[in-house]
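Heads up: the sequence shown begins at 34 in the working numbering, then just goes up one per residue.
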Amino acid sequence: MKEALEYAKSVELGEDAKDVWVFDIDETLLSNLPYYADHGFGLEVFDGVEFDKWVDKAMAPPIESSLKLYEEVLKLGFKDWDKLILRATEDHGKLATIYKSEKRNEMVEEGYRILGNSGDQWGDLLGSSVSIRSFMLPNPMYYIP
């Protein structure tokens, strides 16, 4: 995330608090590695109900490099998180690239400027209303095409 931090330091933010950095959550800000360790690192068939129980416990540790980047962008003047965007029922089944593009489009329509975006899958970063710069974290656990 060194490159992301250097980029964040280089941007000039507007005074209207409309400059944003988008962060994916799973395997970008938070690690579900403890869940996967308890479930054979993919040797077991994925069980969405069990995974949801894990998520509800709110025990996923932060990914330190992303936490540091988040803390640094706040110090640089990006405002604290404004909203958490989660899939609604009607969004289930949409490809991540389509869903996340739609959400970024909504942000741009609301006047936000997406200067940075961090994610662990190409679907987090590609599509429409992409950021000025995007940063991909490696995800050794899974790939979403």
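A virtual CB, placed ideally from N, CA and C, is assigned to each residue, including glycine. Since the model is a prediction, treat every value here as computed from it, not as a measurement.
Report the CB separation of residue i from residue j in whole angstroms; it is logged as a contact under 8 Å.
{"i": "SER162", "j": "ILE147", "result": "7 Å"}
{"i": "THR61", "j": "LEU170", "result": "6 Å"}
{"i": "LEU63", "j": "GLU105", "result": "No, LEU63 and GLU105 are not in contact; Cβ-Cβ is about 18 Å, not under 8 Å."}
Tell me, please, which residues DSSP counts as bridged to residue i.
{"i": "ARG166", "result": "GLY149"}
{"i": "PRO95", "result": "LEU63"}
{"i": "ASP52", "result": "ARG146"}
Should residue i and residue j be called a contact, given that it needs their Cβ atoms to be closer than 8 Å?
{"i": "TYR145", "j": "VAL53", "result": "yes"}
{"i": "ARG166", "j": "TYR69", "result": "no"}
{"i": "MET34", "j": "LEU102", "result": "yes"}
{"i": "PHE111", "j": "LEU159", "result": "no"}
{"i": "PHE168", "j": "GLU36", "result": "yes"}
Here's a check: name, in chain order, each residue in its chain whose Cβ is nearer than 7 Å to the Cβ of residue i, leaving out the five neighbours to either side.
{"i": "LYS42", "result": "LEU109"}
{"i": "THR130", "result": "GLY156, LEU159, GLY160"}
Three CB pairs or more closer than 8 Å across the region 82 to 91 and the region 114 to 123: no
Would you call the region 42 to 58 and the region 151 to 158 in contact, with 3 or more CB pairs under 8 Å? yes
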